[in-house]
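Residue numbers (this note's numbering): 16 to 932. Okay, structure first, notes after.
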DNA sequence: AGCGGAGCCTA
DNA sequence: GTAGGCTCCGCTG
């Protein structure tokens, strides 16, 4: 059964303030009450409730003040030492991921009462965490009070034991006893015992009132005296359970905690146990949450309250309309024409845009107001839907009008879908996935469900909930219309709400806004076009290669079995381990991270001279990899409709700003070995066309020269020629023409290693020299290129100071684990920090180049951009246009950034991708 | 059927 | 030693 924990914030703050000694931190700030509350919150989280909230009083009068001017009139003002702890408390509560609820006009109790009743109706178990006895009136079979500070729980029996009355009698009980602290008038001389006695006798307050005459003695007079005020008192002590709220119990999921901010707050207020918990969690997961706000010095006051308060406009349930009539559709068409920003989403039959059919479209034009237009639900008994052709034809002018701004979540997919129906979407202005990605690429995944949870505290309907999962999953076209509407309209609605939550963040940092507006958003249609175009594959070439590879693999396999004297699965590292190290008794040189003797390439290479089996395995593996991943796979993935391979480019999955490619991954096609390179021969151009490949020469090293400003490195690049040779000449103190092959190899290893944040130890390993020698090389390198060392130091320092490093264009690259107590994790983070500005800037540059080249290609039909492989762009070009395209591509790639060194681009042209290199 | 580990391809 | 994606096995449901 799902559980909801409601925390009575004010009650805890007061109770902790009075119960704990007046602690303070090194700055002299009071921390006692905070400490108590933080411990209570941490204990609460350990219960892992599905839903939770921290409820506190909103500023301003409530309905009780209106009802009775004397209400709480004698309450002393909040002590300064307590007041000072309110803002930090809210900051910590927010950073822990609690939804904070503050509703004006009512007290926290009323919000808690209302949510408790609502949750109960939904079959949710409720725990009310409070130290306020008045709350006992809420207790029921599924509502229990918890007092974390005294570590007690109070259910129905507990209420009876403590008060001597049933929970439903608590209101009457409190009315009779009154409350001197809150200035609620009761019956004087009537304490808990008398109240319980009367209620036991007459059942209810009304019963007591009706029988007021029968009560004798002095106390009877007091009762009769109090009679006129009792109805008012009852109103005052009754906790409301019908407050109109913009959110419900199920909106109250915990958000992702902001560990970085927590660490800072805990450190500031010196909560050592809480800090230790954070460290333990970090060690366990190896993950540290990145701050989502401006990193650097964080003043708790700035980040408190509103950051985590559920914003009614962004978190309320939406109003979704299922559009099945022309009247409805025309009304929405009108809304779209008037909209400042159109949020749209498509529903289809497949996640592969190239094979998907459209099933429906949803729109949102304001938060909470969305529609779903079903177009292709075809289950038995499906209601009649609008004509797809008519709807798309009517929407086409809207989608294709660049002056009507549009918003999507991963809009590239929807653009591809609509393109299948002849609609060329123009005017994509925003994409919530990219907003989140540019804001902080690593704080969260950027799918809508994760974003809604993190930035809105909203739990979306999951696709699995409407369509099932695994083998039983049905197509969206089989989902009933009402369910489909809830799901699909929510997608458009949440996209819009996410935009409202994320855009102000981006807009507040000019460099990030520029990266988003000038790089990521314009890149969307460019990538979409590349995916749709696809690349032509020669299936016959691949099939022939598969056969040849298979034949040679079989031979190797038979030889291996003969050597091992029995059959075994060459693809199984585990079986191989047994054969090599147990049966044949070979000496294992390396271990896997899990402690098993390793059978990876390096380990087999190391024992290849002691037995013939390792070499057979190595040969077999390289062939198996080629066949399973490339020759078999690629020919099977050719789209039958287009005869081409259509990859997907991912704009939101690489921490440094690169794009990645999958289904298939065209960014890891072999190139280093002769056999591998043959696979590239299958990437061809149509008859009369050529493949043109253009790649940046040493782009990351050039960026290092630019960023570091190191004179030696700048000179080397300005001189042109072989930079590794130039480096070797400097490091080894010989003229460039006398540099030996080994010297150049060492220099190249240093150049690359430095960009990966390498240590002398790593270089020694790479070059197979001892550590002293490697460290000697690095010493000489840094003495020749002192600017490089300074740059690396500065980068590490910036990473520690800000939690992120930046690219040339100001993209922020957050680092995880920089403050880890685990040395390995921390050093890993520092290496990543050193590499990130170079890898990230290179990514920015090629993205800018792609946008520029695509703009130039826009109205041409003699060349298409097909692939991006990090520092390389691949095109198909009609033979008569090759020279012109080559010049234009080089010009735009070289001109994609103004660096302190030239950006050199090498171009090759050929009948296939291999020849074009 | 889904998942983690091992291994290996790219820049 | 940076950044990814894909395939296989072998385990768990």
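From the three backbone atoms N, C-alpha and C, an ideal C-beta is built for every residue, glycine too.
In the DSSP assignment, find the alpha helix (DSSP H) that holds residue i and state where it starts and stops.
i	result
residue 928	Segment: none, residue 928 is in no alpha helix (DSSP H) and carries neither H nor E.
residue 178	171-178
residue 945	Missing from the structure shown is residue 945; the chain here goes from 16 to 932 and no further.
residue 918	Element bounds for residue 918: n/a, residue is neither H nor E.
residue 742	738-747
residue 205	Unbroken run through residue 205: none, as it is neither H nor E.
residue 446	It is not in any alpha helix (DSSP H) - residue 446 instead sits in the beta strand (DSSP E) that spans 443-446.
residue 284	274-284
residue 33	24-34
residue 405	403-414
residue 758	756-770
residue 520	496-522
Near residue i, which residues of its chain fall below 7 Å by C-beta distance, leaving aside the five closest residues on each side in sequence?
i	result
residue 158	131, 135, 141, 143
residue 428	368
residue 502	476, 481
residue 619	629, 632, 633
Going by C-alpha to C-alpha distance, which of the options sits closest to residue i?
i	options	result
residue 217	187, 810, 484	187
residue 224	190, 232, 254	190
residue 894	766, 700, 775, 407	700
residue 165	203, 289, 58, 689	58
residue 808	778, 722, 781	722
residue 210	23, 226, 227, 192	192
residue 869	542, 509, 108, 160	542
residue 366	877, 489, 83, 710	489
residue 22	139, 60, 47, 768	60
residue 461	670, 642, 374	670
residue 111	737, 17, 194, 69	69
Please report the residue range of the beta strand (DSSP E) in which residue i lies.
i	result
residue 233	No beta strand (DSSP E) holds residue 233; the alpha helix (DSSP H) holding it covers 232-241.
residue 654	It is not in any beta strand (DSSP E) - residue 654 carries neither H nor E in the DSSP assignment.
residue 360	357-363
residue 701	No beta strand (DSSP E) holds residue 701; DSSP gives it neither H nor E.
residue 882	878-883
residue 829	827-829
How is residue i classed by DSSP in three states: helix, strand or coil?
i	result
residue 532	helix
residue 337	strand
residue 465	helix
residue 69	strand
residue 379	strand
residue 627	coil
residue 268	coil
residue 483	coil
residue 39	strand
residue 612	strand
residue 327	A caution first: residue 327 carries a pLDDT of 41, below 50, which makes its placement in the model unreliable, though a value can still be read off. If DSSP states are grouped into helix, strand and coil, residue 327 belongs with the helices.
residue 735	coil
residue 200	coil
Only counting the same chain, and skipping five residues up and downstream in sequence, which positions put a Cβ closer than 6 Å to that of residue i?
i	result
residue 294	836
residue 728	720, 800
residue 104	49, 52
residue 72	25, 122, 123
residue 557	646, 649, 650, 697
residue 150	143, 160
Can you name, in chain order, every residue of its own chain whose Cβ lies under 8 Å from the Cβ of residue i, other than the five neighbours on each side?
i	result
residue 579	594, 598, 599, 628
residue 935	Outside the displayed span of the chain (16 to 932) sits residue 935, for which this structure offers no information.
residue 844	814, 830, 831, 832, 833, 835
residue 207	178, 179, 188, 192
residue 343	336, 386
Can you find at least 3 beta carbon pairs, one from the region 510-517 and one from the region 447-454, that sit closer than 8 Å? Using a C-beta cut-off of 8 Å, the region 510-517 makes contact with the region 447-454, since at least three inter-stretch Cβ pairs fall below that distance.
So, does the region 742-760 touch the region 822-837, judging by three or more C-beta pairs under 8 Å? Using a Cβ-Cβ distance cut-off of 8 Å, the region 742-760 and the region 822-837 are not in contact, since fewer than three pairs of beta carbons, one from each stretch, lie closer than that value.
Quick test of the definition: if touching needs 3 or more C-beta pairs under 8 Å, does the region 561-571 touch the region 658-674? no
Whether or not the region 17-37 and the region 75-84 are in contact is what I'm after, with contact meaning three or more pairs of Cβ atoms, one per stretch, closer than 8 Å; do they touch? Cβ pair count under 8 Å is below three, so no.
Does the region 670-687 touch the region 899-910, meaning 3 or more C-beta pairs lie closer than 8 Å? no
Decide yes or no for the touch test of the region 463-470 against the region 703-717: beta carbon pairs closer than 8 Å, at least 3 of them. At 8 Å Cβ cutoff, the stretches do not touch.
Touching by the beta-carbon criterion (3+ pairs, under 8 Å), the region 814-827 and the region 525-542: The region 814-827, when compared against the region 525-542, does touch it at the 8 Å Cβ threshold.
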